[in-house]
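Numbering (our numbering), first residue to last: 1 to 302.
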């Protein structure tokens with residue numbers, strides 16, 4: 001996979017952040033915990049020449065596709081450098097800000113967007129017990145100007161050039177997933193995307209919203225409380241397809257339990273209603289599976 005990345009310096013010089021810059025960006029812009037910021041600053045100095053070249057090439061892949069859709073495919077970080085993908089992301093923050101300014105996007109939205117980095121660092125620490133960013137490629141959507149946090153929800157320009165759509169994504173730390181919060185976010189997105197990307201979307205009537213998630217699994221209705229925000233959210237979508245393998249261990253173990261996939265079922269936490277409900281389904285043999293759904297705007301009154 002690394003061989004598919006641009007060569008070092010192919011687009012522009014890689015402004016490798018120094019340790020102080022890494023710590024400041026993580027604390028002031030990304031809302032990271034002090035332990036994660038300190039560990040990231042320290043790990044930067046431990047990168048070997050090969051890792052530094054890879055970081056350069058990852059950065060090149062971002063700046064070569066500013067304004068692109070969705071996110072990029074990156075190689076998984078080596079065990080010796082679990083934070084490797086973080087450094088080219090931080091180096092690309094000025095490029096993201098310049099892109100946002102060109103598209104008249106306020107800096108407060110840029111800052112709000114980067115809070116997702118701090119969240120994923122916290123999730124990595126809960127899962128693995130150390131600093132890391134195993135989903136660094138996810139943030140190439142943020143840094144390239146494809147993805148935005150508008151209220152409770154994240155929205156990303158996806159699809160092909162001829163038929164773009166807006167993907168909906170849900171941050172774990174975004175707060176309650178109430179219908180009012182969802183409605184406010186979608187209403188904002190209906191205004192935001194045609195205004196920022198008029199070359200892609202003629203107007204609100206041109207927008208199609210889709211979501212691919214385990215949250216849309218209709219089987220959850222049988223296990224969660226009747227008035228669950230999750231089932232209320234799922235009911236807003238017309239299901240188009242099942243996605244992924246039955247069992248969906250990767251998403252459930254990560255996002256519901258914050259555990260690695262090899263964690264035995266009997267060791268999964270039961271600290272909240274969602275965990276207890278999903279675990280009851282697992283023990284009953286429910287084949288949990290992700291779904292792709294299209295948002296039905298009429299159900300939101302939009």
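Ideal Cβ positions, reconstructed from N, Cα and C, are used throughout, including at glycine.
Could you please give the first and the last residue of the uninterrupted beta strand (DSSP E) stretch that includes residue i?
i, result
"residue 169", "164 to 170"
"residue 238", "237 to 243"
"residue 210", "209 to 213"
"residue 60", "Residue 60 -> not in any beta strand (DSSP E); alpha helix (DSSP H) instead, spanning 49 to 63."
Suppose the cutoff is 7 Å on Cβ atoms and the five residues either side in sequence are ignored; what does the same chain contact list for residue i look like?
i, result
"residue 233", "177, 182, 215"
"residue 129", "none"
Quick check: the Cα distance between residue i and residue j, rounded to an integer number of angstroms?
i, j, result
"residue 88", "residue 201", "30 Å"
"residue 236", "residue 180", "12 Å"
"residue 198", "residue 103", "11 Å"
"residue 187", "residue 149", "13 Å"
"residue 157", "residue 38", "33 Å"
"residue 71", "residue 65", "10 Å"
"residue 170", "residue 152", "8 Å"
"residue 126", "residue 22", "21 Å"
"residue 345", "residue 247", "The shown model of the chain, from 1 to 302, leaves out residue 345, and the question about it has no answer."
"residue 165", "residue 137", "20 Å"
"residue 265", "residue 279", "8 Å"
So, at 8 Å on beta carbons, what are the nonlocal neighbours of residue i in its own chain, with the 5 sequence-adjacent residues on each side left out?
i, result
"residue 19", "41, 42, 44, 45"
Where do the N-terminal and C-terminal ends of the alpha helix (DSSP H) with residue i fall, by residue?
i, result
"residue 141", "140 to 143"
"residue 79", "No alpha helix (DSSP H) contains residue 79, which DSSP labels as neither H nor E."
"residue 324", "Beyond the ends of the chain as shown, which are 1 and 302, falls residue 324; an answer cannot be given."
"residue 275", "273 to 283"
"residue 107", "107 to 128"
For a test of the three-state rule: what should DSSP assign to residue i, helix, strand or coil?
i, result
"residue 148", "strand"
"residue 11", "coil"
"residue 201", "coil"
"residue 290", "strand"
"residue 223", "coil"
"residue 246", "coil"
"residue 264", "coil"
Suppose the cutoff is 6 Å on Cβ atoms and the five residues either side in sequence are ignored; what does the same chain contact list for residue i look like?
i, result
"residue 221", "231"
"residue 281", "223"
From the DSSP secondary-structure annotation, give me the bridge partner or partners of residue i.
i, result
"residue 182", "DSSP output for residue 182 lists no bridge partner at all."
"residue 30", "BP columns for residue 30 are empty, so no partner."
"residue 157", "166"
"residue 295", "237"
Against chain C, does residue i count as a neighbour if the rule is that its beta carbon must be under 7 Å from one of theirs?
i, result
"residue 95", "No chain C is present in this structure, which holds just one protein chain."
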